[in-house]
Each structure stands twice: as structure tokens, then as C-alpha cells.
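Those protein sequences? They're chains A and B, same order as listed.
To convert, take the position in the first sequence, counting from 1, and add 379; that gives my numbering.
To convert, take the position in the second sequence, counting from 1, and add 379; that gives my numbering.
Glycine is no exception: its CB is placed at the ideal position from the N, C-alpha and C atoms.
Okay, structure first, notes after.
There are 2 protein chains.
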Amino acid sequence: MPPQKRADARRNEQTLLEAAASVFVTSGVDAPVRDIAARAGVGVGTIYRHFPTRADLIVAVYRHQVDACAEAGPELLKQEPTPHAALSRWIDLFVDFLVTKHGLAAVLQSDNASFRNLHGLFLERLLPVCAELLDAAVTAGEIRVEISPYELLRGVGNLCAGAEGDERYDARRLVKLLVTGLRGTQPGDVTPVA
Amino acid sequence: MPPQKRADARRNEQTLLEAAASVFVTSGVDAPVRDIAARAGVGVGTIYRHFPTRADLIVAVYRHQVDACAEAGPELLKQEPTPHAALSRWIDLFVDFLVTKHGLAAVLQSDNASFRNLHGLFLERLLPVCAELLDAAVTAGEIRVEISPYELLRGVGNLCAGAEGDERYDARRLVKLLVTGLRGTQPGDVTPVA
DNA sequence: CCAACATACGGAACCGCGTTCCGCTTTGGC
DNA sequence: GCCAAAGCGGAACGCGGTTCCGTATGTTGG
């Protein structure tokens, strides 16, 4: 068993998470590390002892929400009338999450080495869920297009990038288009357009 | 009439464009300005006298290709059997262009002030063309989904971001999905899937 | 309660990047 | 050949992530 961390260290870690979360809200996920340190009233060194890289901090801040999103998957599969509906709702959740975090989607697709972790966390948690929902929809015959869970997730993530602050661009609409497109062309299907 | 530029200046501008193009190919669009200067055998100052910002240099390097893409639009409208086919082909061109330029799509969606120009050039040249094709497809009754040219262009661009170097992610497939999705669900339609 | 040691802290320093600035060089019209 | 004007090189600046290390502080055995 590793020895307990010092009390002040644990306190600082908490403070940092809160400071980061709050700064992310106001200045976006791209906020300078120094700003977060300042907000938390600590030195930058302290950040880096707790979170080896910027990306780790971001991961830590959003871990709970990502988990929540992941856990919602199976629930939706039970509640919604069809697997495709569940998939669609779940993707809505994902999109809501991304779109409300200024700059998150953008940073998610940066292949900067330091952000691998971020990408990694999202994949690790969400990919299995996405796969489950997608599989269900496929075996239910609701999806007639070849697509991998990974591709779907990335596609949706990409569509969400830079979606804030541009009233001409509505990520949700495009994602909906994509998800609807998944079912391929079905004869006699009634698709509400508005 | 503005006075002629000095001979060495014109020569340098050319050299710079070539150097930049070549560096972009090997190191991606994100290559450091210093690398480009070194490759061209000039100082960084020279770059900035010719191209006020990084983005302007990128714009200059790709202007011809963007123009070519823009000009292909009306052509396709004449050649292809239907407006939707023309739109689809045109978007293929656009995607090809983006995907083969390492990092371009990513930089295109960065809302960094300095990249506004880039975004701007693309929009200025391509938006009208996209609008024309989209309009044609709409009035031909081939598209039953509300979408603006801007949104389409951005969506496609976004889907292309980070597409290189990830064999699990095929931007073309997703774009195709999106474009197919534009027609909405049509009864008895024959959509070639492969 | 008090050393004495490990642990954690602050923030200066470092590196890479875009961009700016300025003293020097080159060009081209006379 | 002369000399503005135009252009050039690259040092210097600001900013952001990350590292380092001298100092402070929590912890623990006496």
C-alpha cells in the first residue's frame, strides 16, 4: 500500500480541480496553465506535480462527466423504443457535453503528444458504449451503413469542433444529419424534417 | 499604379512560396516559420515582409488549388447528370484537397485571430460555389434537409481534420455519409453504397 | 513538544513558436 | 559611382507549456 499523500497535497489537488473547472468555463479549455495556477492560488509547479501535463488536468476535470455519459449508454438502450433511438439520444448527450466545453472538441483532435491522454480517456470510456449501441442498432437492422464505433465517435467529435461562438454553424444539426444518414436510405420511412 | 517591386523582392517571394510548399508537404502546415525561412535561405523578417502572418503564407501557397476547386464547381454542374451528383463530386474534390494537406483542416477551424484570413479565403472562394451547387440540388428536389452552404462546408472541413495518420478514421467515408444524408430519406431510392 | 526527514511548494528559468524591430545591404534611377 | 528607397537578416520580445531547485511545511519517531 502506498503511503498516504500529505494533507496539503490532497487539499491542493482539490483546489486545483475546482480552479481549473472554473477557468475552463470562463476562458475555455485552452486557458493558460498560469491562469489556473493563479486562480487556485498556487504556483505552476504544484499543478505539474499533480497533473504531469495540461491534458491530464483536463482529463481529471472532465472524468466524471465522461463517466456519466458512458453510463448513460446502457440506460438509454433500455429506455428508448429502438436501439437507433438510443444511439441518437446518446450521441446527443455526447454532443451536448462537447459543445458546452469551449474548445474541448478542438483539443480532442489535436494529435499533439501531450493530448494523447485526453483522446485516450475519451476513447477508453466511450468507445465500448458507442460500440454497444451501434451493434444493437445494426443487429436490429436499423443501420445499413458500414461504420466503426471509432469512426462514428471521431466524426461526431470533429463536427463539434469550433461550434461555439459561430451562430452560422450548428453542430447538432450536422450530427443529426450524420446519425440519420447511418440508417441509409429506407423505403417509405417517415423522417421528420423540421 | 504602384511602383514595381524590386527584383530581389520578387525573387524572394517566389522562393518563399516554393520553400513553404515543400516544407508543408514534409512537415505539415504547422511547420515553424523558421524552418520555412531556413529552407528558403532567408531570414524570418523576409517572410513577414511578404506575408504579414503565417496564415497569409498558407493562403498564398494554396490559393491556386483553392481557385481550381472553386472553378470546378460550375463545370461539374454541367457535366454531372444531376446537381446532387455534381455537389457530391465537388465535395470529393474539396475533401481530397484538405486531406492531402497535413494539418490544413485542423488549422482551418482554429479561431486564432491570425488564421481568420485562411478561413476567410476559403469561405470567400468556395462558399459561393457551394451555395450554387446546393441551390441547384435543392431546386432539383434532390435535397430535403435544411442546411446552409456555410454549414455544409464547415461540416465537411471539420470531418477532414486530423484525418491523416489514423488508419481507423476515413474522412471520406463520413463525408459521403453526410452528403448522402442531405437527400433525406427517399422512398425507393437506389443508393450505391460501395 | 521537538527534531529531522520526506514531501510538497513557488516561481524563476528554459524552450519553442509567432511576430516585431532595427541597423545594415542591395537595388536601381540618375 | 552615388544615394535614397526598398529590402534584408536575425536578434529580441511576448506568450505558453514544462522543468528545476532552493525553500517551506506536514509528518513521525523520540
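Original post:
Helix, strand or coil for Gln383(A) per DSSP?
Top reply: Residue numbering aside, residue 383(A) sits at position 4 when the first sequence is read from its first letter. Looking at Gln383(A) - three-state DSSP - the assignment turns out to be coil, as it is neither helix nor strand.
Original post:
In chain A, what lies closer than 8 angstroms to Leu538(B) by C-beta?
Top reply: Locating residue 538(B) in the second sequence gives position 159, counting from the first residue. Ordered by position in chain A, the residues that pass the 8 angstroms Cβ test against Leu538(B) are Gly534, Asn537 and Leu538.
Original post:
When the cut-off is 7 angstroms and only beta carbons count, does Asp490(B) lie next to chain A?
Top reply: Here residue 490(B) is taken as the residue at index 111 of the second sequence, counted from 1. Cβ-Cβ to chain A under 7 angstroms: yes for Asp490(B).
Subject >> Rounded Cβ spacing between Tyr529(B) and Leu506(B) (contact assumed at less than 8 angstroms) >> reply: By 1-based counting over the second sequence, the position of residue 529(B) is 150. By 1-based counting over the second sequence, the position of residue 506(B) is 127. Contact flag correct, Cβ pair sits at about 6 angstroms.
Original post:
CB-CB under 8 angstroms to Arg533(A), same chain, minus the five flanking residues each way: which ones, in chain order?
Top reply: Position 154 of the first sequence holds residue 533(A). Excluding positions up to five away in sequence, the list reads Gln488.
Original post:
For Glu530(B) and chain A, any beta-carbon pair shorter than 7 angstroms?
Top reply: Taking the first residue of the second sequence as 1, we reach residue 530(B) at position 151. So yes, Glu530(B) belongs to the interface.
Original post:
Using the C-alpha atoms, what's the distance from Leu477(A) back to His463(A)?
Top reply: Translated into positions along the first sequence, residue 463(A) becomes position 84. Translated into positions along the first sequence, residue 477(A) becomes position 98. Looking at the two C-alpha atoms, the distance is approximately 21 angstroms.
**OP:** Pull up the distance between the alpha-carbon of Glu546(B) and that of Ser527(A), whole angstroms please.
**Re:** The sequence position of residue 546(B) within the second sequence is 167, counting from 1. The sequence position of residue 527(A) within the first sequence is 148, counting from 1. Cα to Cα, the separation comes out at about 12 angstroms.
Subject >> Proximity of Leu557(A) and Ile522(A) at Cβ, strictly below 7 angstroms >> reply: Counting from one through the first sequence, the residue named residue 557(A) turns up at place 178. Counting from one through the first sequence, the residue named residue 522(A) turns up at place 143. Going by C-beta atoms, Leu557(A) is not nearer than 7 angstroms to Ile522(A).
**OP:** Keeping to the same chain, check which residues put their C-beta closer than 8 angstroms to that of Leu502(B); ignore five residues upstream and five downstream.
**Re:** As a first step, residue 502(B) must be located in the second sequence, where it is residue number 123. Around Leu502(B): Tyr529 and Leu532.
Original post:
So what's Ala515(A) in DSSP terms, helix, strand or just coil?
Top reply: Translated into positions along the first sequence, residue 515(A) becomes position 136. Looking at Ala515(A) - three-state DSSP - the assignment turns out to be helix.
Original post:
Does any CB atom of chain B fall closer than 7 angstroms to the CB of Ala556(A)?
Top reply: Against the first sequence, residue 556(A) aligns to sequence position 177. A quick correction: the sequence has Leu, not Ala, at residue 556(A). It does: the Cβ of Leu556(A) has a partner Cβ on chain B nearer than 7 angstroms.
Subject >> Own chain, CB closer than 7 angstroms to Pro566(A), minus 5 neighbours either side, in chain order >> reply: Position 187 of the first sequence, counted from the first residue, corresponds to residue 566(A). Interpretation of Pro566(A) is limited by its pLDDT of 45, a score under 50 that renders its predicted location unreliable; no figure is taken from the coordinates.
Original post:
Ala484(B) to Asp414(B), Cα distance in whole Å?
Top reply: Counted from its first residue, the second sequence places residue 484(B) at position 105. Counted from its first residue, the second sequence places residue 414(B) at position 35. Straight-line Cα distance between these residues: approximately 21 angstroms.
Original post:
Looking at C-alpha atoms only, which residue of Ala434(B), Ala449(B), Leu456(B) and Leu513(B) is the closest neighbour of Ser493(B)?
Top reply: Counting from one through the second sequence, the residue named residue 493(B) turns up at place 114. Nearest C-alpha to Ser493(B): Ala434(B).
Original post:
What does a CB cutoff of less than 8 angstroms around Arg442(B) pick up in its chain, not counting 5 residues either side in sequence?
Top reply: Sequence index remark: in the second sequence, residue 442(B) carries index 63 (1-based). So the qualifying residues of the chain are Leu500.
**OP:** May I have the straight-line CA-CA distance separating Asn491(A) from Thr518(B), to the nearest angstrom?
**Re:** Counting from one through the first sequence, the residue named residue 491(A) turns up at place 112. Counting from one through the second sequence, the residue named residue 518(B) turns up at place 139. Cα-Cα distance, rounded: 44 angstroms.
Subject >> is_contact[Arg495(A), chain B] using C-beta, thresh 7 angstroms >> reply: Taking the first residue of the first sequence as 1, we reach residue 495(A) at position 116. False, the Cβ-Cβ gap to chain B never drops below 7 angstroms.
Original post:
Rounded to a whole number of angstroms, what is the C-alpha to C-alpha distance between Arg468(A) and Gly422(B)?
Top reply: Taking the first sequence and counting its residues from 1, one reaches residue 468(A) at position 89. Taking the second sequence and counting its residues from 1, one reaches residue 422(B) at position 43. The alpha-carbon atoms of Arg468(A) and Gly422(B) are separated by roughly 54 angstroms.
Original post:
When DSSP labels each residue in this structure, what does Lys457(A) get in the three-state scheme?
Top reply: Working through the first sequence from its first residue, we reach residue 457(A) at position 78. In this structure, Lys457(A) counts as helix in the three-state DSSP scheme.
Original post:
Are Ala451(A) and Leu472(A) touching if we call contact CB-CB under 7 angstroms?
Top reply: On the first sequence, position 72 is the one that residue 451(A) refers to. On the first sequence, position 93 is the one that residue 472(A) refers to. In contact: Ala451(A) and Leu472(A) (Cβ atoms closer than 7 angstroms).
Original post:
Ser527(A) touches chain B at which residues, Cβ-Cβ below 8 angstroms?
Top reply: What you label residue 527(A) is simply residue 148 of the first sequence in a count that begins at 1. What Ser527(A) touches in chain B: Arg547.
Original post:
Mind checking whether Val554(A) and Val474(A) have CB atoms under 7 angstroms apart?
Top reply: Within the first sequence, numbered from 1, the residue matching residue 554(A) stands at position 175. Within the first sequence, numbered from 1, the residue matching residue 474(A) stands at position 95. The Cβ atoms of Val554(A) and Val474(A) sit closer than 7 angstroms to each other.
Original post:
Looking only at its own chain, which residues have a Cβ that is under 7 angstroms from the Cβ of Ser406(B), when we skip the five neighbours before and after it?
Top reply: Taking the first residue of the second sequence as position 1, residue 406(B) is located at position 27. Beyond the five residues adjoining it in sequence on each side, Ser406(B) comes within less than 7 angstroms, by CB distance, of Asp414 in the same chain, given in chain order.
**OP:** Classify Phe501(B) as helix, strand or coil using the three-state DSSP reduction.
**Re:** Start at 1 with the first residue of the second sequence, and residue 501(B) comes out as number 122. If DSSP states are grouped into helix, strand and coil, Phe501(B) belongs with the helices.
Subject >> Cβ of Gly424(A) within 7 angstroms of any chain B Cβ >> reply: As a working note, residue 424(A) is residue 45 in the first sequence. No, because no Cβ of chain B sits closer than 7 angstroms to the Cβ of Gly424(A).
Original post:
So what's Ile522(A) in DSSP terms, helix, strand or just coil?
Top reply: By 1-based counting over the first sequence, the position of residue 522(A) is 143. DSSP places Ile522(A) in coil when its eight states are reduced to three.
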